[in-house]
Amino acid sequence: MTAEYKVHGDVAVITLMNPPVNGLGLSTRIGITDGLEKANNDAAVKAIVITGGGKAFSGGADIREFGSPKAIQEPNLLSVIRSCENSAKPIVAAIHSVAMGGGLELALGCHYRIAAPGTSVALPEVKLGLIPGAGGTQRLPRVIGVEAALNMIVSGEAIKSEMLAMLPGQKLFDAMAQSAETLAEEALAMARKVAAAHADGSPLPLVRNLPCKHVQGDAYFQFARNMVKGMAKNLPAPVKCLEAVEAATKKKFEDGMVLEREIFTALMMTPESKALRHIFMSDRAASKIPDVPEDTPKRDIKSIAVIGAGTMGGGISMNFLNAGIPVKILEMKQDALDRGVATIRKNYEAQVKKGKLKQEKYDERMALLSTTLSYDDIGQADLVIEAVFEEMGVKETVFKKLDEVMKPGAILASNTSTLDVNKIASFTKRPQDVIGMHFFSPANVMKLLEVVRGAQTGKDVLATVMAIGKKIKKTSVVSGVCDGFIGNRMIEQYSRQAGFLIEEGCTPAQVDKAVEKFGFAMGPFRMGDLAGNDIGWAIRKRRYQEKPGMKYSKTADLLCEMGRYGQKTGAGWYDYQAGKRDAIPSPVVVEMIEKHRAAQGITPRKISDEEIVQRLVFSLVNEACHILEEGIASKASDIDMVYITGYGFPFWRGGPMNYADTIGLFNVAEAMKRFAKNPLDDAQFWQPAPLLARLVAEGKTFN
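Each number in this note's numbering corresponds to the 1-based position in the sequence shown with 756 added.
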C-alpha cells in the first residue's frame, strides 16, 4: 500500500506515499480506508490527520491508472470520501504544496482543514474535458462561495492557499499554518483541539451540510452560461461544470452528487475529453526516448550563446533569459546587434506595459543579456544555438568556426527547419556534440521545440537538450534526420493538397474557411502569406532538382513570379492593407488561377468542405505513417504533439493521428483510395502507407 499509518500519542496520522504527487491510485485509496478503520477501532486514538508525503498533499487521480479497471475499483474515491465523512473520530486534512483534483475533493471530505502557505489548490478536470467527479462541484461552492468556485472549476486554474484564505466568509480552511515546516505539528495540535471539542459526542462538521445559494439565482447562472459558451464553443465540459455547480444551489446534496456523476461519466465518452486526455498523456510521453534512460547523465548548462540577432535569434534568446540563464548574442555587424537587442527590449516592455511582467523581472532578464561581434567571446558557453540563414553553405561556415572556438563538451545546436543535421555535424570534429533545436516562430511564444537527433548525437547531449527544453517550458519532441523533420515534412504534403484543390475548383478563401471551421488556427493560404510564400518557392525549386517526378500545382510558383510573397509585400494569396493583417480575397489571384486552369484544360468542379478537410488532414496522416515507419518519430503521439503545439491543429481533436483513430482507420484508408482515383491528384501519394494498411488489417489504432 502507498499510504503510511503512524500513531503520535492520541492522534493517528495517515500519510499518502505515492510519488511524485501522491496520486490517488487503488493502493493509496486502500491505504487510506485501512488507516481510517484502524484508527476508529483503536480506543487510544482520539483524532486523525491525513497528509501527503514528499512534495504534495495529493495531485488527484493517478495518471498511471487512467483508463484501467483500477481507476474505478473499490474503494473508489467517492467511497474513500464517504469513509472520511462517516468517521466517528474527527479528521484533519493537513494540506501542503499541491492539492488538486481528487486531492482537493478528499480534503473537502474531511471534517477540518489546515493549509500551508503557498499551496496550489485547483480542480483542473476541465482541462481533460471532464468535470470534477468526486463531489468537487457540490462541495467547493459550499466553502468558498458559488462565484469563486465556478471560476475555479470552469478555468481549472490553480490558486494559492493564502489567496483563498482571504475570501470573505470562506470555510475551506479552518486554519492557515505558519509555514510548510510547522504544518505537521500544527495539524497534530489542531486534531487534539477538535477531538476535545467533540468529546461530548457533538456531531462533526461536514461540508455537505453547509448551505449553497447565489443571491441572484437564475440571472447569475444565465449570465455565466453566456460567458462560458462564448469562451469554450468547441468544448462541452465548461458548460457542464456550470450545470453541476448550479445543481449544488438548487438540489439536495445527494441529488447534486448523482447529477455530477452522470455528467462526469457522459463526458468521459466524448471525443473532446478523449482528445484532451490523449494530449495530457502524450505531453508526458514525449520526453521518454526508448533508448535513452531517464537516469542518463546530463551536461551542466549555465550559459548560452546564440548566433544571429534576427527574429529567430532574438526569440530563442528570450526563452533562456526568461528561465534565468545568461545569453550572449553574436552578430557580424553592430547595427544588426542593436536592432536585435532593441526588439527584445520592445517585447519585454510591451509585457511590462500590459502588467504581465514586473519591472524588476524585466531588469533582471536584460541584465543576463550580453552581445559580441567576435566568436572568441562565446567559446566558454555550455550551449550554442545558431539561428542564421537557412542555407547549407552558411551553416558550414558557422559550424566550422564553432568547432574551432567552443570549449570541449559544449553542445552545438542548429535551429535549421529542414536541412540535414548529419551533414551539419560533419563540418565539425565532434559530431557527437551536434544536435538540431528547431524553434518555431515566434520562438519566445510557440510551445514546440523539435529536437533533431543526428546519427552520431550523444545520448547525454539528447538528454541534456530535452531537459533544457523543459526548463524553458517547451514541448520537446525528438525527430530523426530527414528533409523537413516531422512537422515541415508533413506540412509539405498538406500544402501540395491545398494547391491541387484550387486547381480543381476551390478558391484560396474557400479552402482556408473549410479548414478553419474544422478548427485549424489558420488555413494553408493564410499561413503561406504569414510565413512568406517565397520560402515555399525556394523549397519547391530544390524539389524540382531532387525529385523531378514529384507533382505540384504551379499556382504557387505563378503567385511568387508576380512578387506576391505575402503579408511582407502587402500581397500574397490575399490582398493586405498597410498596417493591417486582414486577409482580403484578391480578384487578381482568382484570375491567375482561372487562367492557369484554362491553360491546363481543367474544368473546375464544386468541392465540398468535407473533401477539403479530409484531403488536407489525411495527407498529414499518410505522410506521418511513413515518418513512423522510417523511425523519424518514435510514436504516433509525438506527431500529435508536434501538430497541436506547433501547427495550430485543433487541440480538442487531439492531433492528426488521434483524429484518424477517432473516425476509424478503415474509413481513413477508404477515403485515400477514393482520392487516388482523382486524375488531377497524386495517385501514388494516396496509396495508404504500409503502416496504415497493416493497422487497418489488424483492427488496431495509432495510439
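Using N, Cα and C, we set each Cβ at its ideal position, and we do this for glycine too.
So, at 8 angstroms on beta carbons, what are the nonlocal neighbours of residue i in its own chain, with the 5 sequence-adjacent residues on each side left out?
i: Lys1185; result: Asp1159
i: Arg1348; result: The identity of residue 1348 in the sequence shown is Met, whereas the question assumes Arg. For Met1348, where only same-chain residues beyond five positions count, the Cβ hits under 8 angstroms are Thr1311, Leu1314, Leu1315, Met1318.
i: His1034; result: Ser1393, Asp1396, Gly1410, Gly1411, Asn1414, Asn1459
i: Lys1215; result: Asp1047, Val1048, Thr1052
i: Gly1236; result: Val1208, Arg1209, Glu1386, Gly1387, Ile1388, Ala1389
i: Glu1115; result: Contrary to the premise, residue 1115 reads as Gln rather than Glu in this sequence. Result list for Gln1115: Val1108, in chain order.
Do you know offhand how far residue i's Cα is from residue j's?
i: Ala1265; j: Pro1341; result: 7 angstroms
i: Glu918; j: Lys1007; result: 31 angstroms
i: Lys1307; j: Asp1438; result: 7 angstroms
i: Cys866; j: Pro825; result: 26 angstroms
i: Lys949; j: Ile804; result: 12 angstroms
i: Ile1085; j: Arg964; result: 59 angstroms
i: Lys1230; j: Leu834; result: 36 angstroms
i: Gln926; j: Ala1277; result: 41 angstroms
i: Ala947; j: Glu1206; result: 52 angstroms
i: Phe1274; j: Val767; result: 58 angstroms
i: Asp790; j: Ile837; result: 13 angstroms
i: Ala1346; j: Ile1019; result: The sequence shown places Val at residue 1346, not Ala. Each residue's Cα considered, the two are about 49 angstroms apart.
i: Met1088; j: Met922; result: 55 angstroms
i: Leu1257; j: Ser1309; result: 9 angstroms
i: Glu1350; j: Met1025; result: 46 angstroms
i: Met1428; j: Gly889; result: 41 angstroms
What is the DSSP secondary structure of residue i, counted as helix, strand or coil?
i: Gly808; result: strand
i: Ser1393; result: helix
i: Ala931; result: strand
i: Arg869; result: strand
i: Val1452; result: helix
i: Val1161; result: helix
i: Ser783; result: helix
i: Phe1036; result: helix
i: Ala1277; result: coil
i: Lys1030; result: helix
i: Asp1138; result: coil
i: Pro825; result: helix
i: Glu760; result: strand
i: Ala1092; result: helix
i: Val1344; result: helix
Under 8 angstroms, do residue i and residue j count as touching if we go by C-beta distance?
i: Met1413; j: Val1377; result: yes
i: Ala1392; j: Phe1458; result: yes
i: Ser1059; j: Ala1137; result: yes
i: Ser1173; j: Glu1152; result: no
i: Leu1286; j: Gly1322; result: yes
i: Ile1167; j: Leu1139; result: yes
i: Gly815; j: Val769; result: no
i: Gly885; j: Glu861; result: no
i: Val899; j: Leu960; result: no
i: Ala1169; j: Ile1134; result: no
i: Ala1199; j: Gly1071; result: yes
i: Phe1155; j: Met1068; result: no
i: Tyr1104; j: Leu1113; result: yes
i: His852; j: Ala936; result: yes
i: Leu1125; j: Ser1073; result: yes
i: Asp818; j: Leu780; result: yes
i: Ile847; j: Ile806; result: yes
i: Ala1425; j: Ala1449; result: yes
i: Ala1432; j: Ile1368; result: no
i: Glu942; j: Ala952; result: no
Output needed for residue i: all residues of its chain with C-beta closer than 7 angstroms, excluding positions within five of it in sequence on either side, in chain order.
i: Gln1212; result: Ala1181, Pro1187, Gln1188
i: Val1001; result: Thr893, Pro897, Val902, Ala905, Leu906, Ile909
i: Val984; result: Val910, Pro994, Val995, Leu998
i: Lys1203; result: Lys1230, Thr1231, Thr1401
Taking 6 angstroms as the limit between beta carbons, can you name the residues of its chain near residue i, skipping five residues before and five after?
i: His1102; result: Before going further, note that residue 1102 is Lys rather than His in the sequence given. Excluding sequence neighbours, Lys1102 sits near nothing in its chain.
i: Tyr705; result: Outside the displayed span of the chain (757 to 1459) sits residue 705, for which this structure offers no information.
i: Ala988; result: Pro994
i: Leu1032; result: Leu884, Gly885
i: Glu1272; result: Gly1279
i: Leu1421; result: Leu1451, Val1452
Cβ-heavy atom distance between residue i and the ligand FMN below 7 angstroms?
i: Leu1032; result: This structure does not include the ligand FMN; it has no bound ligands of any sort.
Practice problem: Would you be able to state if there are at least three C-beta pairs under 8 angstroms between the stretch 1253–1271 and the stretch 1402–1418? | Solution: no
Exercise. Count the CB pairs spanning the stretch 906–924 and the stretch 1046–1054 that are closer than 8 angstroms, and state whether there are at least three.
Key: no
Quiz item: Does the stretch 860–877 come close enough to the stretch 987–1004 that 3 or more CB-CB pairs lie under 8 angstroms?
Solution: no
Quiz item: Using 8 angstroms as the threshold, is the stretch 1076–1084 in touch with the stretch 1114–1134, meaning 3 or more CB pairs across them?
Solution: yes
Quiz prompt | contact_flag[the stretch 803–816, the stretch 767–777] where n(CB pairs < 8 angstroms) is 3 or more | solution = yes
Quiz item: Any contact of the stretch 1257–1277 with the stretch 1216–1224, i.e. 3+ C-beta pairs under 8 angstroms?
Solution: no
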